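Down below is the structure, laid out as C-alpha cells.
Take a look at the structure:
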C-alpha cells in the first residue's frame, strides 16, 4: 500500500489539500523522499503529472468513500488494491511511468517553486 500513499500524497499536494504533508510523513518512503535528487522536468512532464494527479484525486475521493463503508479489513484491502490499480492506470494513461510520476511527486515536496508550477498547471482549465 506504499504506492497508494505516494500517489495520494502527490495528488493532494498538486490539488492543494493541506493533509498531504501528513500523508507524506506517514509514507514508508519518507526517508527516500528526503534523498531524492533535484531534477529538471519539462513542462510536458509536469503537465502529464498534473493531469494524472487530478485523475488520481478523483479516484482517491471515490475509493475513500468506499473504504469508509467497508465492513471489514478484507474488504478494505480489496478496495485499496482496486484503487491502486486504477491509479496506476491513470498515471500510465497520462503517458508517464509510475516511477516518473513518483519522482516528480517527490521533487515537488522538496521544491516549492516546482510545486507552484504544477499547481498552476492543475488550475488551468482542461478543454
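Numbering (mature numbering (1 follows the signal peptide of the UniProt record, and there is no 0)), first residue to last: -24 to -1, 1 to 103. Even glycine gets a Cβ: it sits at the ideal position worked out from N, Cα and C. Only a predicted model underlies this, so the values are computations on that prediction, with no experimental measurement involved.
Take residue i and list the residues in its own chain whose beta-carbon comes closer than 6 Å to its own, dropping the five residues that flank it on each side.
i: residue 70; result: 24, 27, 28
i: residue 43; result: 52, 55
i: residue 38; result: none
i: residue 91; result: 84
Check whether the Cβ atoms of residue i and residue j lie closer than 7 Å to each other.
i: residue 84; j: residue 98; result: no
i: residue 59; j: residue 31; result: no
I'd like the list of long-range same chain contacts for residue i, defined as Cβ closer than 8 Å, with 5 residues on each side in sequence excluded.
i: residue 21; result: 72, 76, 80
i: residue 68; result: 74
Judging by CA-CA distance, which residue of the options is the nearest neighbour of residue i?
i: residue 64; options: 96, 16, 19, 36; result: 36
When we look at the beta-carbon of residue i and count the other beta-carbons within 10 Å, is it buried (16 or more) or exposed?
i: residue 16; result: exposed
i: residue 82; result: buried
i: residue 45; result: exposed
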